[in-house]
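This report refers to the structure that appears directly beneath it.
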Amino acid sequence: MTSARTEPVVRIRCPSPEDAARCRRVLEAAGLAPEESLTWLLVRDADPDAVNALLVAGGAHGRTTVREDIGKLVGWLLDRQGALAGRSRNVKSLVERTLSNAGLAERYAPLADDALLASAEALYRTLLAEGAPRVSWDRFLELFCAPR
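Residues in the sequence shown are numbered consecutively from 1, following this note's numbering.
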């Protein structure tokens with residue numbers, strides 16, 4: 001899998017053992033080698049969005065953790081309806097959780113609070129203008145993170 005942003009590990013959360021088996025079959029059919037680690041399936045050296053697209057196309061219910069957590073950030077922004085003043089700590093917490101759940105907190109760090117808030121405000125405006133577009137992993141990193 002080639003991408004602009006290949007990560008050393010992509011974590012997948014599966015809702016059941018049956019779905020974990022389905023995820024495994026989908027990923028193996030695409031030439032990937034999923035591994036089990038505690039409550040996750042892992043794929044190494046892959047793009048989180050490309051892995052997620054494979055799961056969706058294959059009918060699996062499991063999703064990459066980054067897709068789930070970016071969705072939570074988008075939902076939080078929409079719920080606040082643009083009222084983000086003084087909420088940089090909340091944005092930082094959502095970004096930190098995304099990185100931590102993805103197993104990539106040692107690779108990326110959240111931007112400074114003022115930059116996080118500016119990015120959140122810009123993303124909110126984009127969401128409204130474009131009808132809640134998909135926020136890719138690359139876009140999330142561009143808006144909210146810096147390499148360590």
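The beta carbon of each residue, even a glycine, is placed where N, CA and C say it ideally should be.
Three-state secondary structure assigned by DSSP to residue i
{"i": "Pro17", "result": "helix"}
{"i": "Phe140", "result": "helix"}
{"i": "Ser3", "result": "Summary for Ser3: the model assigns pLDDT 45, below 50, so the residue's position carries little reliability, and this model does not support an answer."}
{"i": "Leu78", "result": "helix"}
{"i": "Ala161", "result": "What the structure shows of the chain is the stretch from 1 to 148, and residue 161 is not part of that stretch, so it cannot be assessed."}
Closest Cα partner of residue i within the set the options
{"i": "Ala57", "options": "Gly103, Ala33, Trp137, Arg22", "result": "Arg22"}
{"i": "Glu96", "options": "Leu141, Asp19, Arg63, Leu127", "result": "Leu141"}
{"i": "Ala30", "options": "Ala53, Asp19, Glu36, Arg13", "result": "Ala53"}
{"i": "Arg63", "options": "Thr6, Ser119, Ser16", "result": "Ser16"}
Distance between residue j and residue i (C-alpha atoms, nearest Å)
{"i": "Ala102", "j": "Ala146", "result": "15 Å"}
{"i": "Val9", "j": "Asp49", "result": "12 Å"}
{"i": "Ala115", "j": "Gly86", "result": "13 Å"}
Beta-ladder partner(s) of residue i, from DSSP
{"i": "Ile12", "result": "Leu41, Thr64"}
{"i": "Cys145", "result": "Pro110"}
Counting pairs of Cβ atoms below 8 Å between the stretch 120-139 and the stretch 67-74, do you hit three or more?
Because the criterion of three Cβ pairs below 8 Å is met, the stretch 120-139 and the stretch 67-74 touch.
Does the stretch 76-89 come close enough to the stretch 32-52 that 3 or more CB-CB pairs lie under 8 Å?
Flag = no, the stretch 32-52 and the stretch 76-89 do not touch.
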